[in-house]
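This report concerns only the one structure given below.
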Amino acid sequence: MVNWKIPMDSHQADACQNFITVIPVEYPRGSYPHDFPPGHIARDYVRERSREGYLRSKQQLQQQQLNSGTLRKRDEPSQFFPTNPPAGFEDDPPTANFHRGDVEHFVKGNSSFSCEREDSPRRIQDVEIKKSIEIGVFLHNSICVELEMKDPMMTTTCDMVNMLVQEEQLGLPPEASQYFTIWIISPKLEVQLKSHHHPLQVCLKWKELLSKYTRLDPQEKELEEPRLYFQRNVFLALKDEKKIRDAKVLELLYEEAKDNILDGRYPCEISDYEMLAGIQARLELGVFDAKKHTPEFIKSNLHRFLPDHVWKSRWIPKITWRQKGTPEHRILNQYRNVSSNGNKKLIKKYLEFCWSLPYYGSAFFKGQIEERPKGLLDFLKISDTDVTVAINGHGIYVMDHIHCTILLGIKYEDLSWDFAKPAQEKDPDCLPCLFLQFPTIETGHKLLKILQIFSKQAMMMDALISAFIEILKQTVKESNSDELDSHLYESNPEVDVFQDMLVPLTTVTRRAEPNSCLSNKLQRLSLATFNEEGECVNQMGSWAFSR
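This is the structure:
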């Protein structure tokens with residue numbers, strides 16, 4: 001078996017949706033150290049759903065696992081997700097992404113040369129296992145580094161990371177091995193490897209992983225080509241990332257953040273997308289030149305600077321009196337305003353904005369939730385909607401990936417959760433579930449609400465949450481609650497961002513508004529509601545409970 005974590009998705013220009021996944025291990029269920037009152041957790045209830053049958057109770061599940069020998073104790077070594085990532089993350093690397101553009105350059109030894117996509121390294125599955133071969137590792141800045149491996153099947157993730165960090169043309173400092181790691185990525189699955197894993201061996205087992213963590217049919221699996229990526233470690237703490245000063249490291253972090261922005265994985269307000277597009281234009285096109293950088297030029301390249309859901313849905317007809325209100329004109333104004341700033345400062349400003357987003361640095365998963373009934377017909381036929389689940393060191397966020405907005409965001413101090421396997425595991429339509437429980441205040445009363453997420457990656461989400469909770473519990477032991485409130489969660493991450501900022505940050509400042517892309521939209525979710533005594537006072541969709 002292979003050991004790793006899988007976090008989630010981004011996509012190429014022509015590719016479909018991908019989701020970072022976290023390959024897991026069974027953990028005892030739990031919550032943040034400050035638990036809710038006893039008896040108020042999802043495992044006490046059984047979800048009844050006609051098309052999926054009954055979910056097993058926790059006791060039944062544990063008994064079956066004990067009988068089959070698959071249940072691990074928390075202190076036993078995990079084959080997949082680490083219980084406690086060590087300081088510096090040398091033993092536990094994390095998350096990955098598909099970058100958007102074509103590969104522009106190969107770096108081979110001490111030489112660099114342009115290439116077309118056809119010249120990319122051969123499919124890993126098709127490579128003959130020889131004593132020495134060259135394997136391409138992709139970066140988000142459209143560079144592919146070819147690594148010569150004398151014993152490819154025994155080359156570890158740690159070996160690859162060290163080779164990349166030592167590559168002269170990349171110019172990375174030794175400490176970059178603490179910030180980045182090796183990922184294996186295909187359009188539908190992303191896997192972060194541990195330092196002792198053998199990447200080529202994992203690639204050869206890729207179809208097995210696709211069968212376990214995706215719903216692809218055999219023909220679709222044949223199209224999934226795994227690639228090696230050098231990406232940010234999902235366990236890299238934000239407070240540590242903000243201390244980085246090396247220009248090359250910041251550039252790689254910028255390129256990855258930019259891809260997440262353009263892929264719609266970091267929801268923002270329209271004005272902030274346009275602000276970031278102006279910075280990107282300055283970094284990629286150079287100093288603003290009114291003769292070259294015209295509205296027509298920007299309009300023809302909107303797909304390059306804005307996420308699809310923005311430039312496709314906000315196309316404004318070319319009417320003379322409205323021209324200055326078009327996206328291309330607003331981006332040009334931003335481009336012109338930042339043109340006098342240097343690249344290093346603009347990269348830092350771009351990252352500072354992304355750092356202010358609560359879901360920055362997340363691993364991303366694919367799931368589905370029940371739509372909230374809107375009319376009589378909805379009650380007769382319950383339908384599901386696809387969602388993206390983002391998980392980082394601060395919390396969990398359920399996103400509408402079509403409209404790129406947050407449906408629900410919960411910090412770990414407000415979260416209790418549980419994982420449940422389906423009653424009929426051989427039924428492809430019967431999916432594992434992740435239950436999320438969180439408190440709300442309605443009409444002056446404290447209530448508990450539960451959201452159910454269906455996903456083949458639910459166990460991965462559970463494993464990643466468990467790993468972050470263990471880190472937080474360890475932090476609680478090492479610091480008092482006052483330090484935790486002010487230092488760990490950084491409840492006001494935008495404070496330092498506002499200093500010397502080039503433009504206002506509307507995404508962050510509007511987070512409390514109901515229609516903000518960051519605000520919770522409980523009215524769109526099918527939830528179960530409980531009072532403080534544990535009594536179900538409201539339920540929607542196909543929710544049904546029994547004691």
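Quick note: the sequence shown uses UniProt numbering, first residue 1, plus one each step. For every residue, glycine included, the Cβ atom is placed at its ideal position computed from N, Cα and C.
When only Cα atoms are considered, SER516 and ASP308 end up about 19 Å apart.
Unbroken beta strand (DSSP E) runs of no fewer than 3 residues, entirely contained in the region 214-254, are found at 227-232, following chain order.
Around the beta-carbon of ALA290, fewer than 16 other beta-carbon atoms lie within 10 Å, marking it exposed. Here DSSP, grouped into helix, strand and coil, assigns ASN531 to coil.
Per DSSP, ILE402 lies in no beta strand (DSSP E) segment and is marked neither H nor E.
Spanning the alpha carbons of ASN333 and GLY278 requires a straight line of approximately 8 Å. When the beta-carbon positions are compared, PRO267 and THR405 come within less than 7 Å of each other. With at least 16 other beta carbons inside 10 angstroms of its own, ARG232 counts as buried.
Using a Cβ distance threshold of 7 Å, LEU223 and PRO152 do not count as a contacting pair. In this structure, TYR229 lies away from GLN457, with their beta-carbon atoms at least 7 Å apart. The C-alpha of THR440 is placed about 19 Å away from the C-alpha of PRO358.
The C-beta distance from GLY171 to LYS243 rounds to 19 Å, too long to fall under 8 Å, and the pair is not in contact. Here DSSP, grouped into helix, strand and coil, assigns PRO307 to coil. Considering only GLU296, PRO173, ILE347, CYS203, the residue with the shortest C-alpha distance to LEU250 is ILE347. The Cβ neighbour count for PHE297, taken over all protein chains shown within 10 Å, is under 16; the residue is labelled exposed. Put simply, the backbone Cα of ASP272 is about 37 Å away from that of GLU478. Around the beta-carbon of ASN392, 16 or more other beta-carbon atoms lie within 10 Å, marking it buried.
Of ALA176, GLU269, GLN169, LYS349, the smallest CA-CA separation from ALA257 is found for LYS349. Taking the C-beta atoms as reference points, GLU146 is found nearer than 7 Å to GLY136.
In the structure shown, the three-state DSSP call for ASP159 is helix. Of all C-beta pairs linking the region 188-198 to the region 138-145, fewer than three are shorter than 8 Å, placing the two stretches out of contact.
Annotation: SER340 to VAL287 spans about 7 Å, alpha carbon to alpha carbon.
Separation of the CB atoms of ILE369 and LEU262 is rounded to 25 Å, and the pair is thereby denied contact status at 8 Å. In terms of Cβ geometry, LYS446 and GLU532 form a close pair [threshold 7 Å]. In the displayed model, ASN520 falls within coil according to three-state DSSP, outside both helix and strand. Under the three-state reduction of DSSP output, ASP414 falls in the helix class. In the DSSP assignment, HIS329 falls within the unbroken alpha helix (DSSP H) covering 327-338. Between SER416 and ALA390, the C-beta gap is not smaller than 7 Å, which leaves the two residues out of contact. According to the DSSP assignment, LEU431 belongs to no beta strand (DSSP E), since it is labelled neither H nor E. Annotated three-state conformation of GLY361 is coil, per DSSP.
Checking the DSSP bridge columns, you'll see SER186 partnered with LEU189.
Membership of GLN201 in the alpha helix (DSSP H) is indicated by the continuous run 199-204.
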